[in-house]
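Colleague:
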Amino acid sequence: MDKHARTLLILNGKGANNDALRNAVILLRKEGWIIDVRVTWEHGDGQRYVNEALTLEASTVVAGGGDGTINEVATALVRLPADKRPVLAILPLGTANDFATSAGIPLEMENALRLALVGKASIIDLARVNNTRYFINMATGGFGTRITTETPEKLKSALGGVSYFIHGLMRMDTLKADECTISGPDFIWQGEALAIGIGNGRQAGGGQRLCPNALVNDNLLDLSIVTAQEMVPTLLNAIFGGDDDNPNITRASLPWLTIHAPHEMTFNLDGEPLTGTDFRIEVIANAIECRLPPSCELLA
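Going by the UniProt record's numbering, the letters in the sequence shown line up with residues 1 to 300, in that order.
1. For the segment 112–125 against the segment 82–101, do three or more pairs of beta-carbon atoms, one drawn from each stretch, fall closer than 8 Å, so that the two count as touching?
2. Considering only C-alpha positions, which residue in the set Ile35, Asn268 and Asn23 is nearest to Ala5?
3. In chain order, what residues of the same chain lie with their CB nearer than 6 Å to the CB of Met109, ignoring the 5 residues before and after it?
4. What does a CB cutoff of less than 7 Å around Leu130 pick up in its chain, not counting 5 residues either side in sequence?
5. Taking the beta carbon of Gly168 as the centre, do at least 16 other beta carbons fall within 10 Å, making it buried, or is it exposed?
6. Take Ile66 as the anchor and find which of Asp222, Leu220 and Leu107 has the nearest alpha-carbon.
7. Can you tell me whether DSSP reads Val224 as helix, strand or coil?
8. Classify Gly15 as helix, strand or coil using the three-state DSSP reduction.
9. How about Thr40 and Gly13: do their beta carbons lie closer than 8 Å?
10. Skipping 5 residues on each side, what residues in its chain have a beta carbon closer than 6 Å to that of Asn286?
11. Three or more beta-carbon pairs under 8 Å between the segment 182–202 and the segment 75–82, yes or no?
12. Among Asn51, Gly142 and Thr55, which one has its Cα closest to the Cα of Gly276?
13. So what's Leu93 in DSSP terms, helix, strand or just coil?
14. Is Met138 near Ala204, with beta carbons less than 8 Å apart?
15. Take Asn200 as the anchor and find which of Thr60, Ser102, Leu221 and Leu210 has the nearest alpha-carbon.
16. Does any heavy atom of the ligand COA sit closer than 7 Å to the C-beta of Val61?
17. Helix, strand or coil: which one does DSSP assign to Leu113?
18. Rounded to whole angstroms, what is the Cα-Cα separation between Leu54 and Ile196?
19. Can you tell me where the alpha helix (DSSP H) holding Ile70 begins and where it ends?
20. So Asp178 packs on Ala300, CB below 8 Å; how close in whole Å?
21. Put Asn286 into one of helix, strand or coil per three-state DSSP.
22. Alpha carbon to alpha carbon, how far is Glu297 from Arg202? Give it in angstroms, no decimals.
23. Given that a residue counts as buried once 16 or more other Cβ atoms are within 10 Å of its Cβ, and exposed if not, what is Asn51?
24. Enumerate in chain order the residues of its own chain whose CB-to-CB distance from Arg128 is below 6 Å, with the five nearest sequence positions on each side excluded.
25. I believe Val62 touches Thr101 by the beta-carbon criterion, under 8 Å. Please report the beta-carbon distance rounded to the nearest angstrom.
26. Could you check how far apart the C-beta atoms of Leu27 and Gly64 are, in whole angstroms? I think they sit under 8 Å.
27. Measure the C-alpha to C-alpha separation of Asn251 and Ile259 and round it to an integer number of angstroms.
28. Kindly list the residues whose CB is nearer than 6 Å to the CB of Ile288, restricted to its own chain and excluding five residues on each side of it in sequence; keep chain order.
29. Using a threshold of 8 Å, state whether the C-beta atoms of Ile136 and Ile198 are closer than that.
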């Protein structure tokens with residue numbers, strides 16, 4: 001990317017005091033890069049700053065935060081006219097950084113920021129839920145979603161992504177399956193699911209590889225349904241791999257799917273909850289451009 005092109009860094013307020021990031025911004029500005037920084041305070045700031053990026057004629061918008069921040073910025077970008085849409089880039093500053101980890105985004109701030117500035121822009125998919133909500137990484141439902149939303153902030157701050165699994169072990173007494181019907185092209189499943197993952201990316205909940213074969217540019221969503229009663233070994237397999245032949249996990253790759261439940265279910269869309277009884281989830285093919293490493297495993 002041309003050094004004279006403007007970059008807008010949208011930084012989650014929780015990461016505003018990151019010294020390594022501050023030093024990286026100062027260094028790259030000295031090298032001639034034009035980087036403007038905005039800090040979010042409340043919901044809606046991401047959309048407002050993306051709109052500002054159009055006014056500034058920024059060629060890249062960097063989401064600095066966790067999966068929720070990336071979701072907010074990606075959602076704002078996909079709503080812009082395609083011919084005016086800046087490229088998305090990512091700085092991993094969240095608790096789990098599931099999408100950034102799957103994509104191979106460097107955790108070291110200077111390297112991540114350089115990738116955001118000069119990395120190749122790849123066309124990727126997004127997913128849309130009920131025509132109004134989006135996710136870039138994964139929608140999760142069931143036990144894993146309840147654990148993710150209930151894990152104490154202090155535990156997440158101390159242990160990072162591992163905190164979700166530890167808190168899950170502590171809450172095994174709440175284990176309860178969700179009865180639902182899931183259908184899509186040439187696919188139908190009905191039963192009780194302990195965990196559901198619909199992945200554009202591969203992992204969620206602090207490293208749970210619910211959709212280990214997902215790709216962000218194949219115009220498909222990967223579906224994983226966990227039905228095992230032995231939740232602990234199934235979660236361990238999901239985290240550390242080796243579950244390709246697990247009979248307790250049903251998998252499919254679909255351009256769209258619907259989920260119906262006789263009771264309310266909650267899905268986590270990149271960490272943002274959505275509750276209801278009926279969901280239609282569809283891939284938005286070739287939705288936005290994102291700067292990813294050349295060796296990114298999420299690219300076909």
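Backbone N, C-alpha and C fix where the C-beta goes; we use that ideal spot for every residue, glycine too.
Modeller: Reading from the atomic positions:
1. yes
2. Position 5 of the sequence shown holds residue 5. It is Ile35 whose Cα lies nearest to the Cα of Ala5.
3. As a first step, residue 109 must be located in the sequence shown, where it is residue number 109. These residues qualify, in order along the chain: Ala20, Leu21 and Ala24.
4. For the purposes of this step, residue 130 is taken as residue 130 along the sequence shown, with counting starting at 1. A small fix is needed here, since residue 130 is Asn in this sequence, not Leu. Within the same chain, Asn130 has close Cβ partners Phe279 and Arg280.
5. To locate residue 168, count along the sequence shown from 1; it is residue 168. The predicted model places Gly168 with a pLDDT of 47, which falls under 50 and marks its position as unreliable; any figure quoted below should be read in that light. Buried, because 16 or more other Cβ atoms sit within 10 Å of the Cβ of Gly168.
6. Taking the first residue of the sequence shown as position 1, residue 66 is located at position 66. Reading the sequence as shown, one finds Gly at residue 66 and not Ile. Per the Cα distances, Leu107.
7. Along the sequence shown, read from residue 1 onward, the residue named residue 224 stands at position 224. The sequence as given places Ser at residue 224; Val does not occur at that position. In this structure, Ser224 counts as strand in the three-state DSSP scheme.
8. As a working mapping, residue 15 is identified with position 15 in the sequence shown. Helix.
9. Here residue 40 refers to the residue found at position 40 of the sequence shown. Here residue 13 refers to the residue found at position 13 of the sequence shown. Against a cut-off of 8 Å, the Cβ pair of Gly13 and Thr40 comes out as a contact.
10. The sequence position of residue 286 within the sequence shown is 286, counting from 1. Around Asn286: Ile123.
11. no
12. In the sequence shown, residue 276 corresponds to position 276, counting from 1. Among Asn51, Gly142 and Thr55, the Cα nearest to that of Gly276 is on Gly142.
13. Here residue 93 corresponds to residue number 93 of the sequence shown, with the count starting at 1. Correct three-state label for Leu93: coil.
14. The sequence position of residue 138 within the sequence shown is 138, counting from 1. The sequence position of residue 204 within the sequence shown is 204, counting from 1. Taking 8 Å as the Cβ cut-off, Met138 and Ala204 qualify as a contacting pair.
15. Reading the sequence shown from its first residue, position 200 is the one you call residue 200. Considering only alpha carbons, the answer is Leu221.
16. No copy of the ligand COA occurs in the structure displayed, which carries no ligand at all.
17. As a working mapping, residue 113 is identified with position 113 in the sequence shown. Of the three classes helix, strand and coil, the one that applies to Leu113 here is helix, per DSSP.
18. Residue mapping note: residue 54 aligns to position 54 of the sequence shown, counting from 1. Residue mapping note: residue 196 aligns to position 196 of the sequence shown, counting from 1. Their backbone Cα atoms lie some 37 Å apart in a straight line.
19. To locate residue 70, count along the sequence shown from 1; it is residue 70. First-last of the alpha helix (DSSP H) with Ile70: Asp67 to Val78.
20. Translated into the one-based positions of the sequence shown, residue 178 becomes position 178. Translated into the one-based positions of the sequence shown, residue 300 becomes position 300. Contact doesn't hold; Cβ gap of about 31 Å is too wide.
21. Position 286 of the sequence shown holds residue 286. If DSSP states are grouped into helix, strand and coil, Asn286 belongs with the strands.
22. The count along the sequence shown starts at 1 and reaches residue 202 at position 202. The count along the sequence shown starts at 1 and reaches residue 297 at position 297. About 10 Å.
23. Counting from 1 along the sequence shown, the entry for residue 51 is found at position 51. Counting Cβ neighbours within 10 Å, Asn51 comes out exposed, since fewer than 16 surround it.
24. Residue numbering aside, residue 128 sits at position 128 when the sequence shown is read from its first letter. Around Arg128: Tyr134, Glu282 and Ile284.
25. What you label residue 62 is simply residue 62 of the sequence shown in a count that begins at 1. What you label residue 101 is simply residue 101 of the sequence shown in a count that begins at 1. In fact, because the Cβ distance is near 17 Å, the residues do not count as touching under 8 Å.
26. Within the sequence shown, numbered from 1, the residue matching residue 27 stands at position 27. Within the sequence shown, numbered from 1, the residue matching residue 64 stands at position 64. Leu27 to Gly64, Cβ: 16 Å. No contact.
27. Along the sequence shown, read from residue 1 onward, the residue named residue 251 stands at position 251. Along the sequence shown, read from residue 1 onward, the residue named residue 259 stands at position 259. Contrary to the premise, residue 251 reads as Arg rather than Asn in this sequence. When rounded, the distance between both Cα atoms is 15 Å.
28. For the purposes of this step, residue 288 is identified with residue 288 of the sequence shown, where counting begins at 1. Leu77, Val78 and Leu88, listed in sequence order.
29. Counting from one through the sequence shown, the residue named residue 136 turns up at place 136. Counting from one through the sequence shown, the residue named residue 198 turns up at place 198. Not closer than 8 Å, so no.
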